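**Q** Before I ask anything, here is the structure I am working with.
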Amino acid sequence: MGRLSHLLLLSVLCLFIQSISCEYVLIRENMTWDEAQVYCRQYHFDLVTVQNYEDWTNVQRAVQPALTSAVWIGLYNDISSWRWSYQNEDISFYSWSESQPNNGNGQEECGLISSIGWNNRDCSTEYPFICFKENETEADRFAFVNVSRTWHEAQSNCRQHYTDLAVIHNQTEDQVLTLKMSMEGISDSWIGLFRDSWKWSDEINVVNVSSINWTTGQPDLKNLNRSCGVIHPDGLIDDQLCSNTFPFICKTQEVPAETVGRPYDELMEVPAELVGRPYDELKTKKQIVRFELKSGQNVNDPAVMETILQSIQQKLTDLGVHSNTTVTWRVQPDGNVFTPKHEDEEKQNVCSHHSRCV
């Protein structure tokens, strides 16, 4: 049982360290970005956010020296988020030109209308633009401004003098605009189409692209393929196809800012001995620990599992973990806790999150 005890000790230490200090968890298994996002959201909180150098310093402190290669972070370019400027309205009618939108140069985030349909363009390019006036008849709804401006300048102008940049709800409106453009001798004009750029998976942080510590020449994916961010051990970030596979870093459940320092009993019913204690000190946490056992015994035998569980519980007590800590097994779909590992499977040591309740 020496090998068993050693593995249990390492696992419990990992669990204990996470429970008191780890905000981040390195998962060594290679996954696509979407798979990594699902994993982090299921077992932790989300993929990690690394908005600036301070964030990266905190992540490094938690996962070094285990971080030896590029890993997924929560950064992604949301190329499917097209909507209208007016009230962030969803698009219900599309009239894209052939092969559009194509995310040309990786930064075409605004839309214009031409004689052959809609096209995406770099928002900093200057074009004439079309505004619309709310509550007007169809004949008077649209206003053409034959002065070239960037998309954001055009948006400001429309909002100041009209309602917003043009919104196109159906084929009739699309044809009306195309015809009027032809009559006005205008070829390409900004309309209210736009999409988000780089975002974080947690949907909390707004990306300041200029603050991202990009590798020189990055981001450089210049096509329609969705791109996601990886970070290297030196802290530099570049973009990769989201379908590529890398290890990844999750962040654990965050304490809601509005609850920090507030008495626990103001937020929910609690036992008398917890009244007045801050929520962020007492909130329930869940962690999972995955480990390998080498033993001649049937480790799925209830008696053996109970012995292992007691050993973990005792080690937690020895390490000073609070007495109301509960350790339970996570049962697999086949009814077992342990799954045999075949020799041809790649060995991995992953500390992750689930079944320990504090």
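Under mature numbering (1 follows the signal peptide of the UniProt record, and there is no 0), the letters of the sequence shown match residues -22 to -1, 1 to 336, in that order.
We treat Cβ as the ideally placed atom computed from N, Cα and C, and that holds for glycine.
Owing to the predicted nature of the structure, the values given are computational and were not obtained by experimental measurement.
To the nearest whole angstrom, what separates the beta carbons of residue 206 and residue 218, a pair I think is in contact under 8 Å?
**A** 6 Å
**Q** Looking only at its chain, what residues have a beta carbon closer than 7 Å to the beta carbon of residue 50, apart from the 5 residues adjacent to it on each side?
**A** Excluding positions up to five away in sequence, the list reads 11, 14, 25, 206, 208, 224 and 226.
**Q** Considering only residues of the stretch 138 to 219, which uninterrupted beta strand (DSSP E) runs meet the minimum length of 3 residues and lie entirely inside it, listed in chain order?
**A** Listed in chain order, the beta strand (DSSP E) elements of length 3 or more contained wholly in the stretch 138 to 219 are 167 to 172, 176 to 178, 205 to 209 and 215 to 219.
**Q** Output yes or no for whether 8 Å exceeds the beta carbon distance between residue 140 and residue 101.
**A** no
**Q** For residue 225, name the three-state secondary structure that DSSP assigns.
**A** If DSSP states are grouped into helix, strand and coil, residue 225 belongs with the strands.
**Q** Do residue 123 and residue 64 have their C-beta atoms within less than 8 Å of each other?
**A** no
**Q** Around the Cβ of residue 71, are there at least 16 other Cβ atoms within 10 angstroms (buried) or fewer (exposed)?
**A** exposed
**Q** Let me make sure I understand the geometry here. Which of 147, 277 and 163 has the alpha-carbon closest to that of residue 67?
**A** 147
**Q** Thinking residue 62 and residue 170 are a contact (beta carbons under 8 Å), I'd like their distance in whole angstroms, please.
**A** 5 Å
**Q** Go ahead and pull the three-state DSSP assignment for residue 41.
**A** helix
**Q** Which one or two residues does DSSP pair with residue 92 in a beta bridge?
**A** 95
**Q** I need the straight-line Cα distance from residue 261 to residue 286, nearest angstrom please.
**A** Confidence at residue 261 is low in this model, with a pLDDT of 46, below 50, so its placement is unreliable and no value can be given for it.
**Q** Quick one: what's got a C-beta closer than 7 Å to residue 105's C-beta in the same chain, skipping five residues either side?
**A** 90, 126, 166, 167 and 168
**Q** Could you please give me the residues that DSSP links to residue 290 through a beta bridge?
**A** For residue 290, which the question treats as bridged, DSSP gives no partner whatsoever.
**Q** From the DSSP output, in three-state form, read off residue 134 for me.
**A** helix
**Q** Use the C-beta contact count for residue 280: other C-beta atoms within 10 angstroms, 16 or more gives buried, fewer gives exposed.
**A** exposed
**Q** Specify the secondary structure class of residue 50 as computed by DSSP and reduced to three states.
**A** Note: residue 50 maps to strand in three-state DSSP.
**Q** Helix, strand or coil: which one does DSSP assign to residue 62?
**A** strand
**Q** Under three-state DSSP, which class holds residue 7?
**A** Residue state, collapsed to three classes: strand.
**Q** Does the contact criterion of 3 or more C-beta pairs under 8 Å hold for the stretch 30 to 47 versus the stretch 146 to 164?
**A** Verdict: no, contact absent.
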